[in-house]
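These notes are about the structure you will find just below.
Number of protein chains: 4
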Amino acid sequence: MATEVDVQPDTHEEIMGATYRALCKHGYAHLTMQDIADEFDKSRSLLHYHYDTKEELLLAFVDNIVGYIGDRLAESETEEPLERLEEYVDRFVIEPGEEDRETFALALLELRVQAVHNEAFRERLATHYETNVQTVADIVADGIEAGVFREVDPDATGEAIYTALVGARMYQVTLGAERASRRMRDRLAEFVVDDLLTDGREPADYAGNGPEN
Amino acid sequence: MATEVDVQPDTHEEIMGATYRALCKHGYAHLTMQDIADEFDKSRSLLHYHYDTKEELLLAFVDNIVGYIGDRLAESETEEPLERLEEYVDRFVIEPGEEDRETFALALLELRVQAVHNEAFRERLATHYETNVQTVADIVADGIEAGVFREVDPDATGEAIYTALVGARMYQVTLGAERASRRMRDRLAEFVVDDLLTDGREPADYAGNGPEN
Amino acid sequence: MATEVDVQPDTHEEIMGATYRALCKHGYAHLTMQDIADEFDKSRSLLHYHYDTKEELLLAFVDNIVGYIGDRLAESETEEPLERLEEYVDRFVIEPGEEDRETFALALLELRVQAVHNEAFRERLATHYETNVQTVADIVADGIEAGVFREVDPDATGEAIYTALVGARMYQVTLGAERASRRMRDRLAEFVVDDLLTDGREPADYAGNGPEN
Amino acid sequence: MATEVDVQPDTHEEIMGATYRALCKHGYAHLTMQDIADEFDKSRSLLHYHYDTKEELLLAFVDNIVGYIGDRLAESETEEPLERLEEYVDRFVIEPGEEDRETFALALLELRVQAVHNEAFRERLATHYETNVQTVADIVADGIEAGVFREVDPDATGEAIYTALVGARMYQVTLGAERASRRMRDRLAEFVVDDLLTDGREPADYAGNGPEN
DNA sequence: CATGAATGAGTTTTCATTCAT
DNA sequence: TATGAATGAAAACTCATTCAT
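As structure tokens, this is what we get:
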């Protein structure tokens with residue numbers, strides 16, 4: 024009966040947090056309502072009071088996590104295309120010791136794989152993917168318009184940058200390929216960013232920290 | 024009692040095939056022994072006769088799938104670094120309609136995500152990852168040595184090429200991003216291969232079909 | 024704490040109405056407090072405020088429904104035994120389209136079956152049964168005394184008439200035996216009423232509508 | 024997966040027996056799979072091995088009980104219409120102390136009430152009802168043809184006899200109306216059988232015992 | 001009075017695994 | 001090998017009831 028919108032913000036957030044922790048701890052395949060309840064300070068029944076089924080709860084969780092990232096995507100400290108591109112790419116880097124960010128990336132990855140078998144998940148995550156691609160594409164398009172970047176296909180380039188980053192990060196979080204995300208950042212700088220620059224302008228030195236895409 | 028080595032080759036292969044089909048159909052998270060038995064022409068009990076536990080069966084399956092790909096990785100029709108690189112990259116492209124290859128890529132992806140929570144999976148898939156990275160790195164190194172490619176870090180470049188391809192393919196198979204793998208191939212040609220070439224030598228026109236990495 | 028006598032008449036009636044609708048819609052076996060609350064314009068908690076337990080609420084409902092019928096049983100427009108008997112029998116007939124009356128008969132039937140497993144229900148419904156049997160028995164006794172009916176056992180005859188009617192009605196409401204109650208009315212006229220009449224007096228033509236026994 | 028036909032006769036019968044005992048003990052409304060398992064010498068899981076759902080098990084039970092009665096309906100020791108009618112009616116009588124037969128009648132009654140809310144039950148029980156009505160109607164028709172009974176509507180008369188008996192028996196088993204079924208037998212003899220007989224032939228003295236309808 | 005939140009016991013169902021044959 | 005039967009633990013989900021407000 025109760026749907027996510029009826030849930031009190033606090034309780035809703037608490038459940039989302041518990042779900043997040045349980046998902047990271049047990050993995051999607053072995054995640055049970057009990058696991059979530061164990062991370063929650065209320066009873067298991069209450070989860071069913073707020074969400075009729077496990078599926079519904081997890082769907083709310085996908086909405087939550089996708090929304091969380093989306094909110095941070097737009098944030099930027101500069102208008103400069105090159106800087107914005109570097110900032111975007113940099114946010115994907117997960118350094119050793121940043122376990123929370125690695126965990127977050129993993130949760131998202133687990134959901135993405137489930138999306139294959141879950142239409143509702145797929146719909147939401149496809150939007151998330153498109154938003155990311157578009158974000159990079161917009162930066163590239165802006166750069167071209169500003170004469171900073173050479174003329175490339177902004178959409179195709181944006182997609183390549185985004186999926187390459189996700190691919191590297193996947194190896195880092197699933198197989199423990201240490202610093203793979205940072206190495207991809209460097210490779211993008213070497214092969215893509217450098218190539219995009221029409222003149223000899225030097226890429227800035229940077230170190231960022233932002234949303235986990 | 025019985026361990027995988029005791030399994031008759033034929034039965035073993037049949038079970039591996041059934042596991043593959045069941046995994047693709049139901050997804051790792053919802054995969055049951057019954058699902059596997061349903062794709063097998065024998066009973067569920069027989070699965071337990073051959074493999075003591077579900078975990079053991081799935082582990083044998085990871086070995087099987089990783090071995091299958093490994094066997095094909097070495098195959099190549101040429102010695103030429105540029106051609107070998109193009110051939111490698113090209114093997115990742117999954118065109119619309121190649122459902123079997125998409126399905127295979129998905130199965131591998133599901134296992135990769137499980138690897139986070141399963142040490143034995145992780146070990147085997149990490150080797151698979153390293154083999155792939157090394158394969159590309161070797162091609163790049165050969166190219167540098169042959170003077171065809173400019174001097175780059177072969178390992179870092181190999182890893183970037185491989186993970187970028189996997190990242191693009193992931194979006195194609197999970198979220199239905201049509202032709203994402205082909206677009207990544209083209210972006211790699213545009214940004215990486217082109218950049219690697221020291222002279223104005225033209226990349227060959229190619230269309231390959233190979234192992235699913 | 025709160026017992027049925029504390030309940031405000033209006034609220035009590037509203038709850039009884041909601042219980043009735045919920046019972047008819049879901050059946051006793053699947054009836055939940057939530058089902059009743061759904062037919063009520065107030066919350067589920069309020070039901071527990073008025074009735075400590077579900078059992079108590081349903082017991083009040085049995086009282087309510089039995090009392091409702093009892094109130095109507097005495098009503099009659101005539102003193103004439105034959106007419107009163109015909110009127111009584113006629114009130115059991117449920118014609119096609121009289122869904123409300125069919126529904127009511129079903130609710131009563133559901134409660135009667137539960138009575139086997141519930142002493143309190145049984146007590147109340149047994150009284151209801153006895154009242155009905157007595158009502159017919161009185162009519163028959165009056166008829167005998169008035170010389171309109173031949174000498175039969177009033178109690179046994181009253182019980183037979185009543186239970187036969189209920190039996191026929193049961194098939195109509197449970198298995199959809201259309202017009203079974205009317206056919207029973209006609210059979211009672213043919214075999215019983217006609218037989219009771221000492222002389223050749225014709226049974227009146229009638230069509231009634233009254234309480235659901 | 025498994026359907027009733029696959030179940031080994033013995034196990035099937037054991038489960039049906041356990042279901043019967045549990046149903047009588049707890050009533051349909053409160054019947055749980057655990058209750059059935061408690062009457063079964065095997066585990067609760069086994070019930071689900073044989074019947075996917077509780078609903079399916081109960082449906083098999085309806086089939087079983089209806090089939091059981093049906094098998095006995097045809098049995099008769101005579102060809103004589105009057106005797107067959109008396110025998111049929113007599114089989115409905117449940118004497119004090121015949122608790123098994125009372126229990127059986129109750130089980131059937133419980134299922135009949137559930138039929139309202141369960142299409143599959145309704146279908147099977149409607150057939151059972153029609154078979155019974157037809158059985159009596161055939162006896163009456165035979166009697167008319169043989170000149171033993173006067174000309175009445177065999178179907179309507181058959182239905183009235185059957186539903187009257189069931190109605191009386193319902194009061195006996197639900198409200199403890201002792202000997203109500205026997206009294207109905209006597210009333211049917213007095214009002215119906217006697218009336219049917221064209222000449223002064225005396226109804227035989229009888230006392231039967233047969234299937235519970 | 002009235003409600004939404006919360007709970008715990010219980011209910012159906014699932015599923016890996018074992019066992020007798 | 002091969003299977004159907006059987007089991008126990010755990011899973012999702014239900015629901016009457018209680019409680020704070």
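Chains as they are written, first to last, in my numbering: chain W, 24 to 236; chain S, 24 to 236; chain V, 24 to 236; chain D, 24 to 236.
C-beta atoms are modelled at their ideal positions from N, C-alpha and C, and glycine is treated no differently.
Check	Outcome
Identified DSSP bridge partners for threonine 211 (chain S)	Here residue 211 (chain S) is leucine; the residue named in the question, threonine, does not match the sequence. Per DSSP, none; premise fails for leucine 211 (chain S).
Residue from W:Thr180, W:Leu198 and W:Ala130 with nearest C-alpha to alanine 212 (chain S)	W:Thr180
Given glutamate 98 (chain S) as reference, the closest of S:Arg114, S:Asn87 and S:Met56 once Cα atoms are compared	S:Arg114
Limits of the alpha helix (DSSP H) - the one that proline 119 (chain V) falls within	First-last for proline 119 (chain V): undefined, no H or E at that position.
Uninterrupted alpha helix (DSSP H) stretches inside the stretch 94–154 of chain W (no shorter than 4 residues)	104–113 and 122–138
Given histidine 53 (chain V) as reference, the closest of D:His140, D:Tyr74 and D:Asp209 once Cα atoms are compared	D:His140
Leucine 132 (chain S) vs alanine 149 (chain W) beta-carbon contact at 8 Å	no
Selection of the stretch 128–157 of chain V by Cβ proximity to chain D, strictly under 7 Å	Leu129, Leu132, Glu133, Arg135, Val136, Gln137, Ala138, Val139, His140, Arg145, Leu148, Ala149 and Tyr152
Under 8 Å (Cβ pairs) to chain V, residues found in the stretch 197–208 of chain D	Thr197, Leu198, Gly199, Ala200, Ala203, Arg206 and Met207
Interface residues of the stretch 29–59 of chain D facing chain V [CB-CB below 8 Å]	His49, Gly50, Tyr51, Ala52 and His53
Enclosing alpha helix (DSSP H) for aspartate 58 (chain D) [first to last residue]	56–61
Leucine 105 (chain S) versus glutamine 157 (chain W): straight-line alpha-carbon distance, rounded	32 Å
The stretch 166–183 of chain W touching the stretch 155–174 of chain S, judged by at least three CB pairs closer than 8 Å	no
Beta-carbon proximity check, tyrosine 111 (chain V) vs isoleucine 167 (chain V), cutoff 8 Å	no
Proximity winner among D:Arg206, D:Glu146, D:Phe214 and D:Thr154, relative to aspartate 94 (chain D) (alpha-carbon distances)	D:Thr154
Beta carbon of arginine 208 (chain V) nearer than 8 Å to that of valine 116 (chain V)	yes
Residue range of the unbroken alpha helix (DSSP H) whose run includes glycine 181 (chain D)	177–198
Rounded C-alpha distance that separates tyrosine 87 (chain W) from arginine 107 (chain W)	Note that residue 87 (chain W) corresponds to asparagine in the displayed sequence, not to tyrosine. For asparagine 87 (chain W) and arginine 107 (chain W), the distance between alpha carbons rounds to 26 Å.
Proximal chain V residues relative to aspartate 218 (chain D), where beta-carbon distance stays under 7 Å	Phe214 and Asp218
8 Å Cβ cutoff met for threonine 186 (chain W) and tyrosine 194 (chain S)	yes
Cβ neighbours of methionine 221 (chain W) in the same chain (closer than 8 Å, five flanking residues each side left out)	The question names methionine, yet the displayed sequence has threonine at residue 221 (chain W). Within the same chain, threonine 221 (chain W) has close Cβ partners Gly170, Val171, Phe172 and Arg173.
Extent of the continuous alpha helix (DSSP H) to which serine 66 (chain D) belongs	Unbroken run through serine 66 (chain D): none, as it is neither H nor E.
Leucine 220 (chain D) - partner residues in DSSP beta bridges	D:Phe172
Any chain V beta carbon closer than 8 Å to glycine 190 (chain D)	yes
Buried versus exposed call for serine 66 (chain V) [16 or more other C-beta atoms within 10 Å across all chains shown]	exposed
Pairwise C-alpha distance: methionine 39 (chain W) and phenylalanine 127 (chain W)	13 Å
Minimum Cβ-Cβ distance from arginine 243 (chain V) to chain D less than 8 Å	Absent from the model: residue 243 (chain V). The displayed extent of chain V is 24 to 236, so no value can be given.
Reduced DSSP secondary structure (H/G/I, E/B, other) of tyrosine 74 (chain S)	coil
CB contact check: alanine 164 (chain W) to chain S, cutoff 8 Å	no
Partners in chain S for tyrosine 194 (chain W), counting only beta-carbon separations shorter than 7 Å	Tyr152 and Thr186
Cβ distance (whole Å) where aspartate 75 (chain V) is taken to contact phenylalanine 214 (chain D) below 8 Å	Not really, about 48 Å apart at Cβ, beyond 8 Å.
Check whether glutamate 62 (chain W) and alanine 83 (chain W) have beta carbons under 8 Å apart	no
Buried or exposed by the 16-neighbour rule on C-beta atoms within 10 Å, applied to glutamate 102 (chain V)	exposed
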